[in-house]
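Encoded as structure tokens, the structure appears first; notes follow it.
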Amino acid sequence: DQQVKQNSPSLSVQEGRISILNCDYTNSMFDYFLWYKKYPAEGPTFLISISSIKDKNEDGRFTVFLNKSAKHLSLHIVPSQPGDSAVYFCAASRDNFNKFYFGSGTKLNVKP
Amino acid sequence: DTAVSQTPKYLVTQMGNDKSIKCEQNLGHDTMYWYKQDSKKFLKIMFSYNNKELIINETVPNRFSPKSPDKAHLNLHINSLELGDSAVYFCASRRGGGAYNEQFFGPGTRLTVL
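Heads up: the protein sequence lines correspond to chains E and Z, in order. Heads up: the first sequence begins at 43 in the working numbering, then just goes up one per residue. Heads up: the second sequence begins at 22 in the working numbering, then just goes up one per residue.
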């Protein structure tokens, strides 16, 4: 039973445009959410996070939005760059933050 | 200087063999993890140690045994390898302590069981 789902396996966007990656979760107890970026043959690297007390967190070109009522979060990348082409995983945690649940990833391709 | 390292990067072996994957972190973190990325690409937690103590043990076959000789190392030993064990295994570490902080992942070990 997957508690974190990324329903779009892939996304293709033109350079300079906005990329929107989506993530849904089922457990209302989750209170910490993260996005990771993964290049081929490398491990995931942390990108941005948000706690459940917020609905938006920004870091440069990356913004994460959290809609708790819909159990949905999204990652916006503006403007998208070819170097952003990677697989993006969302993850969620609850309580003591030791256990993290990951989605299956969305492969983003930013075309020059 | 690599923060979280794993060896080997690739491992090809026959069914029934026993193998180990090693993980080391030089970040001074208290908590370490093993994840399995299966064919469906989900990253599933297997084990977690905090200061050498096992704190998370998911529904993983007994053939998998983690060992943490010190808080900088978390090794994974797998007995009697099966075809279904083929996957990419990621080690990760985290500062821990119940705070809002992220995990740092190793590069992964691609295990292929023939």
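Ideal Cβ positions, reconstructed from N, Cα and C, are used throughout, including at glycine.
**Request:** Along the beta strand (DSSP E) that carries residue 80 (chain E), what are the first and last residues, could you check?
**Result:** For the purposes of this step, residue 80 (chain E) is taken as residue 38 along the first sequence, with counting starting at 1. Looking at the DSSP string, the run of the beta strand (DSSP E) that includes residue 80 (chain E) is 74 to 80.
**Prompt:** Taking all protein chains shown into account, do 16 or more other C-beta atoms lie within 10 angstroms of the C-beta of residue 133 (chain Z), making it buried, or fewer, making it exposed?
**Reply:** Within the second sequence, the letter at position 112 stands for residue 133 (chain Z). The residue is exposed, with fewer than 16 neighbouring Cβ atoms inside 10 Å.
**Asked** What residue range is occupied by the uninterrupted beta strand (DSSP E) comprising residue 100 (chain Z)?
**Response** Indexing the second sequence from 1 puts residue 100 (chain Z) at position 79. Neither: residue 100 (chain Z) is in no beta strand (DSSP E) and is coded neither H nor E.
**Request:** Using DSSP bridges, identify the partner residues of residue 71 (chain Z).
**Result:** In the second sequence, counting from the first residue as 1, residue 71 (chain Z) sits at position 50. Residue 71 (chain Z) is bridged to Z:52, Z:74.
**Request:** May I ask which residues mark the beginning and end of the beta strand (DSSP E) holding residue 92 (chain E)?
**Result:** Sequence index remark: in the first sequence, residue 92 (chain E) carries index 50 (1-based). 87 to 93 is the extent of the beta strand (DSSP E) around residue 92 (chain E).
**Asked** With respect to the beta strand (DSSP E) encompassing residue 42 (chain Z), which residues constitute its N-terminal and C-terminal limits?
**Response** By one-based count along the second sequence, residue 42 (chain Z) stands at place 21. Counting along the chain, the beta strand (DSSP E) containing residue 42 (chain Z) begins and ends at 40 to 46.
**Prompt:** Using a Cβ-Cβ distance under 8 Å, would residue 82 (chain E) count as near chain Z?
**Reply:** Working through the first sequence from its first residue, we reach residue 82 (chain E) at position 40. Chain Z, which has no Cβ nearer than 8 Å to the Cβ of residue 82 (chain E), makes this no.
**Prompt:** Just checking, does the stretch 85 to 95 of chain Z make contact with the stretch 38 to 50 of chain Z on the three C-beta pairs under 8 Å criterion?
**Reply:** yes
**Item:** chain E within 8 Å of residue 68 (chain Z), Cβ atoms only
**Value:** The sequence position of residue 68 (chain Z) within the second sequence is 47, counting from 1. Taking Cβ atoms only, chain E never reaches closer than 8 Å to residue 68 (chain Z), which makes this a no.
**Request:** Sort Z:72, Z:39, Z:61, Z:57 by Cα distance to residue 80 (chain Z) and report the nearest one.
**Result:** Counting from 1 along the second sequence, the entry for residue 80 (chain Z) is found at position 59. The residue with the shortest Cα to Cα distance from residue 80 (chain Z) is Z:57.
**Request:** For my contact list, residue 126 (chain Z) and residue 146 (chain E) are in at a C-beta cut-off of 8 Å; report their separation, rounded to the angstrom.
**Result:** As a working mapping, residue 126 (chain Z) is identified with position 105 in the second sequence. As a working mapping, residue 146 (chain E) is identified with position 104 in the first sequence. About 16 Å; that fails the 8 Å criterion.
**Item:** Cβ-based neighbour list, residue 105 (chain E), same chain, cut-off 6 Å, excluding 5 preceding and 5 following
**Value:** For the purposes of this step, residue 105 (chain E) is taken as residue 63 along the first sequence, with counting starting at 1. Within the same chain, residue 105 (chain E) has close Cβ partners 118.
**Request:** Could you run through the stretch 111 to 131 of chain Z and flag, in chain order, every residue whose CB is less than 9 Å away from some CB of chain E?
**Result:** Flagged, chain order: 111, 112, 113, 115, 117, 118, 119, 120, 121, 122, 123, 124, 125, 126, 127, 128, 129, 131.
**Asked** Between the stretch 58 to 88 of chain E and chain Z, which residues of the former have CB atoms less than 9 Å from a CB of the latter, in chain order?
**Response** 74, 76, 78, 80, 83, 84, 85, 86, 87, 88
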